[in-house]
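J.: Residues are numbered in the numbering used here as their position in the sequence shown, beginning at 1, plus a constant of 53.
Next up is a structure, given as structure tokens.
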Amino acid sequence: MALALLPKYGGRLGDALVGLGILRPVELFRAIGDQVRGRLMESFRWRRGEWAVVRGARSHEETFPTGQDPYELLRDAANEAHLEEIESVLEPLHGRVVERCEDGPPLTVFRLVPEWIGVLDSVCGDATLGGILARESASGADLEPVYRALYLGLACGLVRTKVSPSQMPFRESYSA
């Protein structure tokens, strides 16, 4: 029935379902929000590809705010990612020293669990990623939250790996 009424509702199935009384508007809003969140979470599991957000760009289609906090979405993506994927991303960085980023967003915007905050607060630029994992393991901590916190921290600019001068890309300077 809703499909038959699509032309009356501008081709929008959700509007047709609300018009028929099958869904309440708030239920449609929640369903769309859940779908958007699901698609975003799925994009964080891509093995290849890219997507971009262009600051200030506006959609030419009808849109409405979903109420999804971007920092919480990033946190949730790190929390829902497969641990094997996180380990494979972090493995090449085990020998790199990790330091805090002073110009990154504050930890509070992510609404992190205390375990993750503790891990990120412990980063002070004197230990390698592998050293942090070894330290946490020796203290009896479950390493999964440690991996997830470091993954989020590196991905969102909360922490970074130091680059030694020998690892810097060669740059020629020219003077005029």
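In this text, a Cβ means the ideal position worked out from N, Cα and C, and glycines have one as well.
Among Pro123, Ala180, Pro118, which residue has its Cα nearest to the Cα of Gly148?
T.: As a first step, residue 148 must be located in the sequence shown, where it is residue number 95. Closest option to Gly148, Cα to Cα, is Ala180.
J.: As a quick exercise: from Val176, Ser192, Glu133, Gly184, pick the residue whose alpha carbon is nearest that of Gly206.
T.: Position 153 of the sequence shown holds residue 206. Nearest of Val176, Ser192, Glu133, Gly184 to Gly206, Cα basis: Val176.
J.: Since I believe Leu143 is in contact with Leu182 (beta carbons under 8 angstroms), could you give me their beta-carbon distance rounded to a whole number of angstroms?
T.: Within the sequence shown, residue 182 is the residue found at index 129, counting from 1. Within the sequence shown, residue 143 is the residue found at index 90, counting from 1. Contact flag correct, Cβ pair sits at about 6 angstroms.
J.: Using the rule of at least 16 other Cβ atoms within 10 Å of the residue's Cβ for burial, across every protein chain shown, is Ala69 buried or exposed?
T.: Position 16 of the sequence shown, counted from the first residue, corresponds to residue 69. Buried, since its Cβ has 16 or more Cβ neighbours within 10 Å.
J.: Between which two residues does the alpha helix (DSSP H) carrying Val89 extend?
T.: Reading the sequence shown from its first residue, position 36 is the one you call residue 89. Looking at the DSSP string, the run of the alpha helix (DSSP H) that includes Val89 is 78–96.
J.: Is it buried or exposed for Arg201, if we count other Cβ within 10 angstroms and need 16 for buried?
T.: Position 148 of the sequence shown, counting from 1, holds the residue named residue 201. By the 10 Å Cβ count, Arg201 comes out buried.
J.: Where Gly74 and Gly67 are concerned, what is the direct C-alpha to C-alpha distance, given to the nearest angstrom?
T.: Walking along the sequence shown from the start, residue 74 turns up at place 21. Walking along the sequence shown from the start, residue 67 turns up at place 14. Looking at the two C-alpha atoms, the distance is approximately 11 angstroms.
J.: Does DSSP put Ala180 in a helix, in a strand, or in coil?
T.: Within the sequence shown, the letter at position 127 stands for residue 180. In the structure shown, Ala180 sits in a strand (DSSP, three-state: E or B).
J.: Out of Thr119, Ser112, Glu189, Pro60, which one is the CA nearest neighbour of Val79?
T.: Within the sequence shown, residue 79 is the residue found at index 26, counting from 1. When each option's Cα is compared against that of Val79, the closest is Thr119.
J.: Which of the three DSSP states is assigned to Thr119 in this structure?
T.: Reading the sequence shown from its first residue, position 66 is the one you call residue 119. Three-state DSSP puts Thr119 in coil, outside helix and strand.
J.: Going by C-alpha distance, which of Arg77, Arg100, Gly193, Gly72 is nearest Ser141?
T.: By one-based count along the sequence shown, residue 141 stands at place 88. Among Arg77, Arg100, Gly193, Gly72, the Cα nearest to that of Ser141 is on Arg100.
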